[in-house]
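Below is one structure; the comments refer to it alone.
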Amino acid sequence: MTTPFDAEAFGAITLDHLPPFATRLRKAADLVWEEGYRQPFLRELGEGTLPREKFAFYLLQDYRYLADYAKVHALGLTKTRDPEVMLFMANVQNAIFNVESSMHRKYMASYGITEEEMNSVRQSAFARAYTSNILSIAYGGDLLDILVAVLPCAWVYADYGQRLAREFAGTLEDNPYGSWVDMYKTDEFWSGSAWLIEQIERRVAGLDETRLEELVDIFVTGVENEYMFWASAYDMQYSWRSEWDRSRD
Numbered sequence: 016m017t018t019p020f021d022a023e024a025f026g027a028i029t030l031d032h033l034p035p036f037a038t039r040l041r042k043a044a045d046l047v048w049e050e051g052y053r054q055p056f057l058r059e060l061g062e063g064t065l066p067r068e069k070f071a072f073y074l075l076q077d078y079r080y081l082a083d084y085a086k087v088h089a090l091g092l093t094k095t096r097d098p099e100v101m102l103f104m105a106n107v108q109n110a111i112f113n114v115e116s117s118m119h120r121k122y123m124a125s126y127g128i129t130e131e132e133m134n135s136v137r138q139s140a141f142a143r144a145y146t147s148n149i150l151s152i153a154y155g156g157d158l159l160d161i162l163v164a165v166l167p168c169a170w171v172y173a174d175y176g177q178r179l180a181r182e183f184a185g186t187l188e189d190n191p192y193g194s195w196v197d198m199y200k201t202d203e204f205w206s207g208s209a210w211l212i213e214q215i216e217r218r219v220a221g222l223d224e225t226r227l228e229e230l231v232d233i234f235v236t237g238v239e240n241e242y243m244f245w246a247s248a249y250d251m252q253y254s255w256r257s258e259w260d261r262s263r264d
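So the working numbering is basically just the index in the sequence shown, starting at one, shifted up by 15.
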């Protein structure tokens, strides 16, 4: 059993100052989390050497992913009457369609890819596994399940963005992917994760260990899916096995 979370007494939630259940989530996902930061896609993105076609593959898949991520937040609106939670869910959808999508369009236009192509791109098996999972949780779970399911995307991006910004601080100005890092390194972007963590921390108070383990599993699965999303983009892989891609040509 967990004790009630006192947000005022705890103070600001940061990447280095996490409340108890968030600390448990982070530790449970640590292996894949750290392997994710060291994988070739992130390494080469930070160095500015990631091939353009791999980044384009990622952006197209991410564009598709964000549409489903928005749907998950829309479903979250149906699971609560809390106006603060409802406003957060609506704001995330607004950010997806008016901020992140504009970044994707800008990059894609520079690669000669049209919006029609963006909307018709085939979703990879790995991206589909990820979005199918979170949509299933959003349809069948409660609000707490949804909050935990969307946290990995927000938190991983904020963590990796800040770490890349520190590690490659001297070269980001000339890095073709510098604007990507700039988007996710900010305190403003982290604030979404901090809000989710605080909401989750408040809601896990009094839950039994079985329920807490269910939430940990949802979170770790999400972090694993984040890893595979980038790994499959680096390999430009649509199917579980690359030879299956060729069979569709």
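Cβ coordinates follow ideal geometry from the N, Cα and C atoms, glycine included.
In the structure shown, the three-state DSSP call for residue 95 is coil. DSSP places residue 29 within a strand segment (E or B) once states are collapsed to three.
Close CB contacts of residue 88 within its chain, under the 6 Å cut and outside five residues either way in sequence, are with 104, 107 and 108 (chain order).
For residue 59, the enclosing alpha helix (DSSP H) has its first and last residue at 55 to 62. Listed in chain order, the alpha helix (DSSP H) elements of length 4 or more contained wholly in the segment 150 to 218 are 158 to 182, 193 to 199 and 202 to 218.
Burial is judged here by how many other beta carbons sit within 10 angstroms of a residue's own beta carbon; residue 205 has at least 16 and is buried. Assigned with DSSP and collapsed to three states, residue 136 falls in coil, not helix or strand.
Excluding five sequence positions before and after residue 61, the CB atoms of its chain that fall closer than 7 Å to its own CB belong to 179, 182 and 183, given in chain order.
When C-alpha distances from residue 90 are compared across 221, 171 and 159, the shortest belongs to 159. When the five nearest sequence neighbours on each side are left out, the beta carbons in the same chain lying within less than 8 Å of the beta carbon of residue 33 are those of 41 and 212, in order along the chain. Straight-line spacing of the CA atoms in residue 64 and residue 85 works out to 31 Å. Under the three-state reduction of DSSP output, residue 66 falls in the coil class, being neither helix nor strand. Under the DSSP assignment, residue 233 falls in the alpha helix (DSSP H) whose first and last residues are 224 to 249.
By the CB criterion at 9 Å, residue 216 and residue 24 fall outside the cutoff.
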